[in-house]
Each structure stands twice: as C-alpha cells, then as structure tokens.
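Residue numbers (our numbering): 5 to 981.
Even for Gly, the Cβ is constructed at its ideal location relative to N, Cα and C.
Please read all numbers here as calculations on a predicted model, not as lab measurements.
To start, the structure itself, in structure tokens.
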C-alpha cells in the first residue's frame with residue numbers, strides 16, 4: 005500500500021501550481037519548532053506556511069519519470085511558459101548545450117538556480133549539467149525576480165530543488181528508442197521524382213541509455229549526511245535521411261509557395277564560377293555535369309541536397325558525478341556543501357564542406373587545369389598570363405561530412421554555513437565557484453586560405469604544382485565536375501580548434517529575522533514583520549581562444565564582469581483572521597548593484613542598477629487567495645554582449661534584389677533596391693547573386709558601451725483551494741513583462757526589408773553590399789554583409805494568462821488524479837528601435853518571429869490508480885495530453901516588419917495534439933518499474949520550407965518545438981528514496 009500511495013500522490017502533484025510549498029531542502033531548520041519554515045522560490049523570507057505572491061509552476065520528480073525524460077530540457081520544453089531552445093535536436097550551429105527560454109524573451113533573460121543559488125556562468129548555462137534523477141522538484145517562476153536573485157532574472161527563474169540527503173543506495177536506469185512510420189506520400193513522391201533515395205518505411209533508431217546510482221548515509225548519530233552520485237547517459241545519432249520530412253532540402257516550387265520541391269544549396273558538387281573581372285563579369289557558369297572541361301550556365305537544377313547527412317538527433321555521451329554533504333555542529337551552526345561534475349561529449353554533423361562562393365579567389369590565366377574554352381570565358385583569351393578574379397563554389401561531395409566534436413567539462417562547488425543566531429534571527433553565508441570549459445574541434449572543413457593557395461597552379465617539368473609550394477601545397481583542379489584529387493582535398497582540409505573557459509564566483513551572505521519576536525507587528529495581525537538583509541559579490545570571466553587558422557575572420561575574446569550588491573526584503577502581515585480578511589500581507593524588496601566590466605583591451609564604464617518589488621496577498625477566507633506583484637527588474641550586459649569580437653557570420657537571409665528574387669511577382673522596384681545599395685548605373689539588377697541556401701552574412705559582435713536593460717513586470721491573479729473539496733486547487737494569473745532598451749541586434753532580414761519598404765536611412769545604412777557584384781554574403785568584411793552588432797534597442801513586451809489546477813477523485817474503480825497547466829498568450833511584441841514601430845508575434849511563426857508562438861498551450865495529465873492490486877495489474881496508468889495551438893506564417897502578413905516570403909502551403913501550422921501514455925508497477929524490494937510511449941500516435945512534425953526557419957530550425961521543421969522523431973518507447977526501473 006505504501007508504494008501505491010506514493011505513486012498516487014506523486015501523480016497528483018506532477019505539474020501543479022505552487023500554492024504553499026512543502027518544506028524545501030534549502031530551508032534553515034534552526035530547531036524542531038522551525039521544521040516547517042521554508043524558502044519559497046522568489047523570496048528569501050523564511051516563514052511557516054508561506055505562500056507565493058508570484059505564479060510558480062512546480063514539476064514533481066515523478067512527472068519527469070512519467071515523461072521518460074532523461075534530460076532536464078526534455079520536460080521543461082513541454083511547459084507552456086517556456087519556449088524550446090537549443091537542445092539535442094539541433095545540429096547546424098549547435099554548441100552542444102541546452103538552455104531555457106521563459107516567455108520567449110530570450111534565454112539570457114531567464115535565470116537558472118540550484119537550491120536558490122546561481123547555477124553556472126551566465127554564458128555557460130547548460131541544463132545537461134543537472135542530474136535529473138536527483139531533482140526533487142523544479143520550480144518555474146515567471147516574472148521579474150532581480151531584486152531577490154540579481155541580474156538575468158527578468159523573465160523569471162527556473163529553480164532546481166535537489167535531493168541532498170540519502171540513507172542507503174538508489175539506482176535508476178532507463179532505455180528508450182524511437183519508432184516511426186514514414187508514410188508521407190506527398191513528400192515521398194517529390195523526392196522520388198528528384199531521384200532521391202527514400203527513407204525506410206519503418207524505422208527504429210535514436211536509442212538513449214541512462215544509468216544513475218546514488219549512495220548516502222548519516223554520520224555522527226544523524227548530525228550529518230553525505231550522499232554521492234554517479235550518472236552515465238548515451239544517445240545514438242539520427243540522420244535527416246531517416247525521416248520523410250527532412251530527407252531533402254525543401255523549397256517552394258512556385259512563387260505562391262503552394263507546392264514543395266526538393267532544392268538545396270547552390271554550392272553544388274559540379275563546381276560553379278561567377279567571374280568578378282574580365283569580359284563575363286557577373287555571369288554564372290557551372291562545370292558541365294558530364295565531366296568535360298566546358299562551362300554551361302549555372303542552374304538551380306544543380307542544387308546540392310545537403311539534408312541527408314545532417315543530424316536530427318546528435319550522438320552524445322555524458323558522465324556526471326557529485327557529492328552533497330551537511331553537518332549540524334550545533335543549533336547555531338550547520339555546515340553544508342556540494343561538488344558537481346559533468347563531462348559531456350557530443351558531435352553534430354552537417355553536409356560536406358565546400359569552397360564557398362562569396363570570396364574573391366584569384367586564378368592565374370595560364371592555369372594548366374583550365375581548358376581553352378574556360379580560359380576564354382574567364383580571362384578573355386587563351387594566352388593571357390594575367391590573373392583573373394572569380395567566385396568559386398564547389399561542394400566536396402566525395403568528402404566526409406563536417407563534424408563538430410564538442411566537449412563540455414563543468415565543475416561546480418558550493419558551500420557555506422547557516423543556522424540560528426537566536427530565536428528571532430537566522431543566517432546563511434555561502435560561496436559558490438563554477439567553471440565551464442568548452443572545447444570544439446571542427447572537422448572535415450575546407451580552409452579557404454589553403455584553397456586560395458591551391459587554386460594558383462602552374463606546370464613545372466611536366467608536373468602540375470602549386471605556384472606557391474609552401475606548407476606542402478597540393479594543387480586542386482576545380483574546372484571539371486570530377487573535382488580535385490584526393491591529395492588536393494587532403495591539403496585544403498584543415499580542422500579548427502576553439503576553447504572557451506568561463507568562471508563564476510559568488511559570495512553571498514544574509515540574515516533573516518522575525519521582528520515579531522520584538523513586538524514589531526501590525527495591531528491587526530498575528531505574525532510580526534519578517535526581514536532579510538544581505539550582500540553579494542559576484543565575478544564572472546570569459547576567455548575564448550581560437551587556433552591561428554581562424555584569426556583571419558574571427559578574434560579571440562576575453563572579459564570580466566564584477567558586481568557588488570546589497571539587498572533586502574520586508575514581509576508585512578497587515579491583517580489576519582478578521583471578518584472579511586483571513587489574511588492580508590505585503591512584501592517589499594530592493595537591491596542595488598554596482599557593475600565593473602573590463603577585458604584585456606577595453607575597460608568599460610561602471611554601471612549602477614536598482615531593482616525593487618512590491619507584492620500583496622489577500623485572502624478573504626482560507627479558500628481563496630488574491631495575489632499581485634510588481635517588479636522592477638534589471639539585466640546588465642553579459643561578457644559576450646560586451647566584448648565578443650566583431651566578425652562576419654552566416655545568418656538566415658533572402659535578398660529580394662538578387663537575380664532569382666527580382667523576377668518574382670511583387671519584387672522590389674529598381675528604386676527600392678537602389679536604397680539597399682544596388683546602383684543601377686553600375687550594376688545590372690538581375691546579376692546580383694542569390695544568397696546561397698537562403699543564407700547571407702552579417703557583422704556581429706560586442707559593444708562595451710551597452711547599458712543595462714530595464715523591465716517592469718506585473719502579475720495578479722487568484723488561487724482557489726476550497727476546504728469543501730480538499731483535493732481541488734486552481735489558480736489563474738495574468739502577467740505582463742515589459743523590457744526597455746533590450747540588448748540585441750537588428751536582424752539582418754529586418755534591416756533589409758525595412759530599407760526596401762521605408763527607405764529609412766538608419767536601416768539602409770546597415771547594408772553593405774559587395775562592391776564588385778552587390779551580393780549580401782562573403783567570407784569577411786571585404787564582401788557583402790549587414791551590420792548586426794549588439795546595441796540597446798527598443799522594447800520587448802509579452803502579456804498573457806496562466807491557468808493551473810489539480811484535482812483528485814475517488815471512485816469505486818480507483819483513484820483519478822488530474823493536473824493541468826495552460827497559458828493564453830495575449831501579446832508578444834517587439835519594438836526594433838525606439839519610435840520606429842513594433843510587431844506582434846502572437847499566434848505567428850517564421851521570419852523574424854522565429855519559433856511558433858501559439859495563442860494557447862496546455863498540458864493535462866490524467867492518472868488512474870486502480871482500486872485493487874494483483875501481480876499483473878499496473879500500480880498506475882497515466883495519460884498526458886500536450887496541446888500546442890495553431891500558428892500562422894508571419895511573412896504572409898502585410899506588416900512592414902513581418903512581410904516576406906509568401907506561402908499558401910506553409911500559411912498555417914495546424915494545432916498539434918500529442919498524447920503520451922505511461923504506466924508504473926511497484927515491485928518487491930522497493931523497486932518501481934515504469935514504461936511508456938510518448939507521441940502515442942506517431943504524429944509527424946510540420947514540414948516547412950527551409951528559408952522560413954530563421955530560429956532554432958533544423959531539417960525542415962522546428963525540432964525543439966515539435967516531436968521530430970516519432971513515437972518514443974521507454975522502459976525504466978528505479979528504487980525509491
């Protein structure tokens with residue numbers, strides 16, 4: 005019966021509003037009389053039975069088990085308050101980490117905590133570091149919390165409450181695998197017509213293995229406890245060619261976007277040339293696919309399908325270990341500490357590298373690899389000994405895919421002392437140090453400088469050699485579809501290495517006092533005032549080093565941010581247990597911060613910020629609680645935002661003035677294109693190269709003069725816990741978060757579309773076209789790019805309503821438990837620059853809106869615990885309904901900030917209903933068996949044209965938002981704490 009009861013209780017509390025927290029692990033228990041004193045996420049006030057004035061959603065550890073989640077981000081992304089971020093289903097541009105993005109306001113505005121303490125360096129936050137099997141519960145507080153926790157808590161905090169005391173041994177193991185039926189006949193027909201090998205009809209892949217063990221025990225007759233843990237996880241990779249929707253690079257087959265076609269990158273395996281000098285400047289030629297050394301007009305028919313080699317699920321191997329310890333010296337002193345370690349090795353894979361178009365390559369006109377016909381087209385004659393300048397695009401189709409070997413090694417130490425000073429005051433003084441080391445080895449990539457050297461070939465004594473033979477140069481023949489020799493490829497391939505190390509040190513100390521012990525209280529209240537007084541010193545550092553081969557287009561970076569803070573909270577019980585007022589409380593909070601920033605080359609200005617909060621809780625009866633809060637939050641710029649080296653990089657971009665786009669219906673006029681830098685007197689408007697695979701170039705980087713962001717957060721709502729129905733708990737909360745001067749950049753596509761639409765000088769001034777051909781891409785600042793460096797921009801604002809609830813119902817067939825959490829999004833607004841208009845991404849996706857932002861999302865879990873027991877009957881059966889509302893294509897809008905590529909086929913992503921089924925079975929010796937199927941009906945993710953996936957897109961869909969691999973089967977076993 006004990007196992008049944010625990011399972012039922014855990015299911016009932018799986019995802020619930022945090023109304024009155026149970027005793028939290030971080031609570032200071034000065035003596036037995038204070039055993040119920042807790043610390044609620046969002047405050048450091050210690051009170052028995054304290055209730056939160058801000059909406060908090062708690063995810064119980066048993067909910068994680070029912071989801072079969074072996075990674076923390078897997079269960080967080082299903083919460084409607086959270087927009088999915090970078091995770092295991094990202095390959096291209098992935099850094100191997102997993103983050104959290106509350107309210108779609110950016111991961112850098114969401115603070116992650118462990119037991120109320122900061123987690124890792126701000127830029128090194130990685131949810132993979134959290135040992136999910138040791139998480140007791142996860143509190144998600146949305147709304148500003150900067151006055152309590154400092155900078156970065158603008159949209160809220162995610163607080164992982166860890167299990168830290170254990171007697172005995174606990175083991176947890178799980179295996180999972182994906183199964184999917186590829187039966188999208190529409191996409192399969194398109195691929196078959198293109199000659200692309202189809203994905204297998206029935207696939208089983210993406211295996212994940214997870215094993216954890218923890219052991220602990222009391223010391224010195226129970227005065228202390230020591231617990232150690234070890235964890236191992238492994239995931240097997242899944243390629244994009246294993247699914248119908250991702251097997252080819254989807255493009256629109258017509259201007260209306262009503263049909264898909266299989267396209268790809270213009271950098272194809274035959275090789276193409278765009279002369280920048282000579283008689284045919286601006287023309288686009290390709291090597292004849294038959295292998296002869298002749299040129300034909302370059303064509304989109306030669307596009308390279310880069311999709312199959314890319315990963316949908318990265319492979320990963322992860323080790324975790326740690327130690328938690330505490331020892332109560334006496335009633336005044338308890339020592340506590342922890343050490344946590346993780347080594348995570350992950351590999352992302354994308355299509356083979358290339359000699360990239362966008363760079364001016366010099367080719368000597370007497371190059372022996374060229375035929376006379378090619379010399380004539382490129383140089384104007386067959387006898388010229390001069391040099392010609394041309395763009396060259398050649399995909400290394402015979403080479404291996406590019407792989408980014410990513411290793412993250414993280415260490416975290418925390419320790420301190422806490423206890424009771426007397427019967428009125430407690431204290432907590434602690435220190436935390438964390439280091440994250442990221443090492444990245446990018447393999448099978450072509451070094452463009454080496455390619456430039458190898459393109460200069462001459463004949464010496466009957467042998468073709470490099471004009472410059474240094475570094476062991478081997479010449480490359482790019483003038484036929486057969487491509488370079490193996491020796492040539494071996495020379496131009498060059499791995500790159502990047503290492504970054506980040507650290508954070510936090511000294512924090514505060515006292516918490518019950519002033520009621522001194523008679524300081526309201527005459528109408530039973531409890532006295534409670535106060536917190538404290539200070540914090542925090543320092544973060546970043547040191548990023550690149551190998552020498554990268555320094556031609558990117559720089560090393562370093563920086564330090566140091567902050568000193570003072571903070572206070574005051575909780576004032578105003579009225580208690582009076583007619584019409586069961587309780588009326590107010591809480592005030594204030595924090596002042598002084599920031600100093602510097603790097604090895606720059607000293608930034610000192611910045612001072614102030615944050616504050618006001619919270620009110622009113623309960624007319626014990627059954628209902630009205631709550632409201634107002635927070636003024638601040639976020640100082642991170643090291644990267646301040647000091648990241650400025651460099652050009654790839655961004656999603658479609659140039660409406662390029663050769664393919666300008667001929668479409670509704671294309672910009674010559675005058676509009678002229679505003680973007682297309683000089684009609686110098687350039688033929690139809691000759692501007694298209695952005696390859698809808699990817700252009702932007703100049704990004706830091707800005708040491710950034711000011712802090714400021715935010716105002718308002719929440720108000722009610723909590724209903726009727727005594728007549730004790731198993732019922734409901735809450736409704738309105739939220740509004742407004743951030744001014746947010747640190748960001750003007751998106752490249754926004755700058756381009758705004759220049760075309762409005763001819764505004766600011767936006768047009770950000771556009772720098774290639775001076776030779778007007779292109780908006782290149783390998784460095786000598787080519788085309790759009791300025792997109794960090795600046796203090798306009799505002800971000802989101803509003804909406806959260807609904808949460810839980811209910812338990814006893815029937816003659818057993819116990820039914822329901823838990824619900826849902827969010828109604830009213831607005832998600834961005835002002836790019838002050839006074840220049842704004843756009844709202846509520847209910848939209850794609851373009852500058854990025855990932856889908858539906859108006860409504862919810863989770864509803866129903867758990868049945870049978871009223872009888874048998875050898876074969878499960879202990880519980882649970883069904884979870886995940887609902888993700890429909891969204892419309894933002895670029896179909898006429899809004900000047902949103903308008904872009906039109907489509908009828910991708911005009912809307914339908915509402916998605918996922919159903920997850922799980923069951924548990926209590927076994928002898930305290931073991932619990934669990935098994936389940938997520939995405940029970942094997943629902944495909946939406947197939948979307950690649951050019952619309954501006955944010956966290958991969959494989960023609962949003963794999964962080966929708967289930968990308970089909971149904972997941974899992975089975976696990978654990979022993980209870």
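For this session: Using beta-carbon positions only, say whether residue 102 and residue 93 come within less than 8 Å of one another.
Result: Counted from its first residue, the chain shown places residue 102 at position 98. Counted from its first residue, the chain shown places residue 93 at position 89. No.
For this session: Could you check the C-alpha separation between residue 238 and residue 321 for me, to the nearest Å?
Result: Taking the first residue of the chain shown as 1, we reach residue 238 at position 234. Taking the first residue of the chain shown as 1, we reach residue 321 at position 317. Cα to Cα, the separation comes out at about 4 Å.
Problem set entry | Inter-residue spacing [alpha-carbon to alpha-carbon] between residue 128 and residue 544 | Residue mapping note: residue 128 aligns to position 124 of the chain shown, counting from 1. Residue mapping note: residue 544 aligns to position 540 of the chain shown, counting from 1. Each residue's Cα considered, the two are about 11 Å apart.
Exercise. How would you label residue 504, buried or exposed, when you count the other beta carbons within 10 angstroms and need 16 or more for buried?
Worked result: To locate residue 504, count along the chain shown from 1; it is residue 500. It is buried - the Cβ of residue 504 has at least 16 other Cβ atoms within 10 Å.
For this session: Quick one: give me the first and last residue of the alpha helix (DSSP H) that residue 839 is part of.
Result: For the purposes of this step, residue 839 is taken as the residue at position 835 of the chain shown. Element bounds for residue 839: n/a, residue is neither H nor E.
For this session: Going by DSSP, name the residue or residues bridged to residue 266.
Result: Working through the chain shown from its first residue, we reach residue 266 at position 262. 254.
Exercise. Got a sec? Which residues, its chain only, sit under 6 Å from residue 116 by beta carbon, not counting five neighbours each side?
Worked result: Taking the first residue of the chain shown as 1, we reach residue 116 at position 112. If we look at residue 116 and ignore the five residues flanking it on each side, its Cβ neighbours are 123, 129, 162.
Problem set entry | Residues of its chain near residue 825, where Cβ-Cβ distance is below 6 Å and the 5 sequence neighbours each way are ignored | Along the chain shown, read from residue 1 onward, the residue named residue 825 stands at position 821. Within the same chain, residue 825 has close Cβ partners 19, 61, 808, 863.
Exercise. Do residue 721 and residue 746 have their C-beta atoms closer together than 8 Å?
Worked result: By 1-based counting over the chain shown, the position of residue 721 is 717. By 1-based counting over the chain shown, the position of residue 746 is 742. Result no, Cβ atoms of residue 721 and residue 746 do not sit closer than 8 Å.
Problem set entry | Cβ distance (whole Å) where residue 966 is taken to contact residue 917 below 8 Å | Residue numbering aside, residue 966 sits at position 962 when the chain shown is read from its first letter. Residue numbering aside, residue 917 sits at position 913 when the chain shown is read from its first letter. Not really, about 12 Å apart at Cβ, beyond 8 Å.
Exercise. Is it the case that the Cβ atoms of residue 138 and residue 233 are separated by a distance below 8 Å?
Worked result: Taking the chain shown and counting its residues from 1, the one referred to as residue 138 is at position 134. Taking the chain shown and counting its residues from 1, the one referred to as residue 233 is at position 229. In contact: residue 138 and residue 233 (Cβ atoms closer than 8 Å).
For this session: Measure the beta-carbon distance from residue 106 to residue 160 and round it to whole angstroms, keeping in mind my assumption that it falls under 8 Å.
Result: Counting from 1 along the chain shown, the entry for residue 106 is found at position 102. Counting from 1 along the chain shown, the entry for residue 160 is found at position 156. About 5 Å; that satisfies the 8 Å criterion.
Exercise. CB residue 350 to CB residue 297, shorter than 8 Å?
Worked result: Within the chain shown, numbered from 1, the residue matching residue 350 stands at position 346. Within the chain shown, numbered from 1, the residue matching residue 297 stands at position 293. Not a contact, by the Cβ cut-off of 8 Å.
For this session: Could you pull out every unbroken beta strand (DSSP E) segment of at least 3 residues lying fully inside the region 198 to 255, listed in chain order?
Result: 206 to 223, 228 to 239
Exercise. What is the DSSP secondary structure of residue 274, reduced to helix, strand or coil?
Worked result: Against the chain shown, residue 274 aligns to sequence position 270. DSSP places residue 274 in coil when its eight states are reduced to three.
Exercise. Which value, in whole angstroms, describes the spacing of the CA atoms of residue 780 and residue 676?
Worked result: As a working note, residue 780 is residue 776 in the chain shown. As a working note, residue 676 is residue 672 in the chain shown. Going by the C-alpha atoms only, they are around 16 Å apart.
Problem set entry | Between the CA atoms of residue 506 and residue 420 - distance to the nearest angstrom | Position 416 of the chain shown holds residue 420. Position 502 of the chain shown holds residue 506. Each residue's Cα considered, the two are about 23 Å apart.
For this session: Within the region 853 to 894, note down every full beta strand (DSSP E) run reaching 3 residues or more, in order along the chain.
Result: 860 to 870, 880 to 888, 891 to 893
For this session: Could you check which residue in 327, 658, 977 has the C-alpha nearest to that of residue 218?
Result: The residue given as residue 218 occupies position 214 in the chain shown. Nearest option by C-alpha distance: 327.
For this session: Please work out which residues of its chain come closer than 8 Å, Cβ to Cβ, to residue 569, disregarding the five sequence neighbours upstream and downstream, and give them in chain order.
Result: Taking the chain shown and counting its residues from 1, the one referred to as residue 569 is at position 565. Same-chain partners within the cutoff: 154, 539, 540, 541, 542, 595, 596, 597, 598.
For this session: Specify the secondary structure class of residue 682 as computed by DSSP and reduced to three states.
Result: Here the question's residue 682 lines up with position 678 in the chain shown. Here residue 682 sits in coil by DSSP.
Problem set entry | Contact between the region 440 to 455 and the region 423 to 432 (3+ Cβ pairs under 8 Å) | no
For this session: Could you work out which residue in 50, 57, 48 is closest to residue 619 when comparing CA atoms only?
Result: Here the question's residue 619 lines up with position 615 in the chain shown. Residue 619 has its Cα closest to that of 57, out of 50, 57, 48.
Problem set entry | As assigned by DSSP and simplified to three states, the class of residue 636 | To locate residue 636, count along the chain shown from 1; it is residue 632. In the structure shown, residue 636 sits in a strand (DSSP, three-state: E or B).
Problem set entry | Whole-number beta carbon distance between residue 695 and residue 659, since they are thought to touch under 8 Å | In the chain shown, the residue the question calls residue 659 occupies position 655. In the chain shown, the residue the question calls residue 695 occupies position 691. Correct: roughly 5 Å between the Cβ atoms.
Exercise. Residue 382: which of 829, 394, 372 sits nearest, CA to CA?
Worked result: Taking the chain shown and counting its residues from 1, one reaches residue 382 at position 378. Residue 394 is the option with its Cα nearest to residue 382.
Problem set entry | Which of helix, strand or coil DSSP assigns to residue 923 | Within the chain shown, the letter at position 919 stands for residue 923. The answer is strand: DSSP assigns residue 923 an E or B state.
For this session: Could you spell out where the beta strand (DSSP E) holding residue 656 opens and where it closes?
Result: As a first step, residue 656 must be located in the chain shown, where it is residue number 652. Segment 651 to 656, the beta strand (DSSP E) holding residue 656.
For this session: Note the first and the last residue of the continuous beta strand (DSSP E) segment covering residue 757.
Result: Stepping through the chain shown from its first residue, residue 757 is reached at position 753. Element bounds for residue 757: not the beta strand (DSSP E) but the alpha helix (DSSP H), 752 to 762.
For this session: Evaluate residue 390 with the Cβ neighbour count: other Cβ atoms within 10 Å of its Cβ, from every protein chain shown; 16 or more gives buried, anything less gives exposed.
Result: Your numbering for residue 390 matches position 386 in the chain shown. Exposed, by the Cβ-count rule.
Problem set entry | Start and end residues, beta strand (DSSP E) containing residue 454 | For the purposes of this step, residue 454 is identified with residue 450 of the chain shown, where counting begins at 1. Taken as a continuous stretch (DSSP letters only), residue 454 belongs to no beta strand (DSSP E), being part of the alpha helix (DSSP H) at 452 to 458.
Exercise. Which residues mark the beginning and the end of the beta strand (DSSP E) in which residue 781 is found?
Worked result: Taking the chain shown and counting its residues from 1, the one referred to as residue 781 is at position 777. Looking at the DSSP string, residue 781 is not in any beta strand (DSSP E), and its letter there is neither H nor E.
Exercise. Do residue 308 and residue 399 come within 8 Å of each other at the CB atom, strictly closer than that value?
Worked result: In the chain shown, the residue the question calls residue 399 occupies position 395. In the chain shown, the residue the question calls residue 308 occupies position 304. Cβ distance < 8 Å, so residue 399 and residue 308 count as in contact.
Exercise. For residue 112, which option in 821, 486, 640, 924 has the closest C-alpha, if you only look at C-alpha atoms?
Worked result: Against the chain shown, residue 112 aligns to sequence position 108. Answer by Cα proximity: 640.
For this session: Please classify residue 977: does DSSP put it in a helix, a strand, or coil?
Result: Indexing the chain shown from 1 puts residue 977 at position 973. Residue state, collapsed to three classes: strand.
Exercise. Relative to the alpha-carbon of residue 832, which residue among 88, 97, 108 has its alpha-carbon at the smallest distance?
Worked result: What you label residue 832 is simply residue 828 of the chain shown in a count that begins at 1. Checking every option, the nearest Cα to that of residue 832 belongs to 108.
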